[in-house]
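For reference, the structure is listed below as structure tokens.
In my numbering, the protein residues as written are 7 to 255.
Now the structure itself:
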């Protein structure tokens, strides 16, 4: 696995296309008024508004090769009525996928996590943004979370642990230093996370740890993103559940 993406941009974008279709299908099944169990303050309508906004925001940054962040609210215009939100999200998702497929490999634009290239960053970020919210839509519909291919799961774990978790804004802190090893049972990849009063530190290697999360990558992926139960009852696992939230900027 490289510094950022383990999958090439073509495969990442193909997976983004598939995840977006699944999200819209699940949202239609759930209905716009259904609560989203994994986002307690949201209904499906709120979920769709968020996804539609993020897709248009990311697509505009890529399409314009924007050197700075763009105001997502300024890009939206008038939002559709609740009954039209699913179609609106589907349209924005298709445009995002088309924009990523048309973008040059040497794209230079604003991004907020390190990556080998801006195009890899945006394809990867939007894949996991969409995949995680697809899980939300499925939970709202009362159905089981659909599995993803193992390489997608590994990549989503890596983005979370090496991209979001170590940021200075991370709430994952502990007065008593502790550590967590994420060890998928169907993969040779390992992530060690050191937790203290300072920002967490993640390294891609196996080290002794206070708690070990071990399950197939496809099960760890939703669990680490707090869309499924984490295995184990160790104190550090409880700390993770209570502390890890992801904001896209």
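In this text, a Cβ means the ideal position worked out from N, Cα and C, and glycines have one as well.
Rounded to the nearest angstrom, what separates residue 139 and residue 55 at their Cα positions?
Residue numbering aside, residue 139 sits at position 133 when the chain shown is read from its first letter. Residue numbering aside, residue 55 sits at position 49 when the chain shown is read from its first letter. Their Cα atoms are separated by approximately 12 angstroms.
Taking 9 angstroms as the threshold (beta carbon to beta carbon), is residue 91 in contact with chain D?
Given the protein chain composition of this structure (a single chain), no chain D is represented.
Three-state secondary structure (DSSP) at residue 208?
Walking along the chain shown from the start, residue 208 turns up at place 202. Of the three classes helix, strand and coil, the one that applies to residue 208 here is strand, per DSSP.
So within the segment 140-183, which uninterrupted alpha helix (DSSP H) runs reach at least 4 residues, ignoring any that extend past its ends?
Runs found: 156-164.
Whole angstroms is fine: what's the gap from residue 244's alpha carbon to residue 19's?
Taking the first residue of the chain shown as 1, we reach residue 244 at position 238. Taking the first residue of the chain shown as 1, we reach residue 19 at position 13. For residue 244 and residue 19, the distance between alpha carbons rounds to 34 angstroms.
Using a Cβ-Cβ cut-off of 8 angstroms (strictly less than) and excluding sequence neighbours within five positions of residue 136, which residues of its own chain qualify?
Within the chain shown, the letter at position 130 stands for residue 136. Closer than 8 angstroms at Cβ, skipping near neighbours: 22, 25, 26, 29, 57, 61, 99.
Suppose you measure from the CA of residue 232 to the CA of residue 45; what does that come to, to the nearest Å?
For this step, residue 232 is matched to residue 226 along the chain shown. For this step, residue 45 is matched to residue 39 along the chain shown. Going from the Cα of residue 232 to the Cα of residue 45 covers about 10 angstroms.
By DSSP, does residue 21 sit in helix, in strand, or in coil?
On the chain shown, position 15 is the one that residue 21 refers to. The answer is helix: DSSP assigns residue 21 an H, G or I state.
First and last residue of the alpha helix (DSSP H) that includes residue 246?
To locate residue 246, count along the chain shown from 1; it is residue 240. Here the alpha helix (DSSP H) through residue 246 covers 241-249.
Using only the alpha-carbon positions, how far apart do residue 251 and residue 185 sit?
As a position in the chain shown, residue 251 is number 245, starting the count at 1. As a position in the chain shown, residue 185 is number 179, starting the count at 1. Their backbone Cα atoms lie some 18 angstroms apart in a straight line.
Kindly give me the distance between the Cβ atoms of residue 219 and residue 171, rounded to whole angstroms, as I take these residues to be in contact under 8 angstroms.
Sequence index remark: in the chain shown, residue 219 carries index 213 (1-based). Sequence index remark: in the chain shown, residue 171 carries index 165 (1-based). Rounded, the Cβ-Cβ distance is 13 angstroms, inconsistent with contact.
Select from 166, 42, 34 the residue whose C-alpha is nearest the C-alpha of residue 88.
Working through the chain shown from its first residue, we reach residue 88 at position 82. When only C-alpha atoms are compared, the closest one is 34.
If you count every other CB in all the chains shown that lies within 10 Å of the CB of residue 111, and 16 or more means buried, which is it?
Residue numbering aside, residue 111 sits at position 105 when the chain shown is read from its first letter. Looking at its Cβ environment, which holds fewer than 16 other Cβ atoms inside 10 Å, residue 111 is exposed.
Can you tell me whether residue 54 is helix, strand or coil according to DSSP?
Walking along the chain shown from the start, residue 54 turns up at place 48. Note: residue 54 maps to helix in three-state DSSP.
Does DSSP put residue 102 in a helix, in a strand, or in coil?
Here residue 102 refers to the residue found at position 96 when the chain shown is read from its first residue. If DSSP states are grouped into helix, strand and coil, residue 102 belongs with the helices.
For the segment 122-132 against the segment 80-95, are there 3 or more C-beta pairs whose distance is under 8 angstroms?
At 8 angstroms Cβ cutoff, the stretches do not touch.
When the Cα of residue 145 is compared with those of 247, 77, 248, 53, which residue comes out closest?
Start at 1 with the first residue of the chain shown, and residue 145 comes out as number 139. Comparing Cα positions, the closest option is 53.
Check residue 119 in the structure and name its three-state DSSP category.
The residue given as residue 119 occupies position 113 in the chain shown. Coil, per DSSP.
On the criterion of 16 or more Cβ atoms from any shown chain inside 10 Å, does residue 210 qualify as buried, or is it exposed?
Stepping through the chain shown from its first residue, residue 210 is reached at position 204. Result: exposed.
The alpha helix (DSSP H) spanning residue 6 covers which residue range?
No information on residue 6 is available, as it lies outside the stretch 7 to 255 that the chain covers here.
How would you label residue 248, buried or exposed, when you count the other beta carbons within 10 angstroms and need 16 or more for buried?
Translated into the one-based positions of the chain shown, residue 248 becomes position 242. Result: exposed.
Since residue 130 contacts residue 165 with CB under 8 angstroms, what's their CB separation in whole angstroms?
Along the chain shown, read from residue 1 onward, the residue named residue 130 stands at position 124. Along the chain shown, read from residue 1 onward, the residue named residue 165 stands at position 159. Correct: roughly 6 angstroms between the Cβ atoms.
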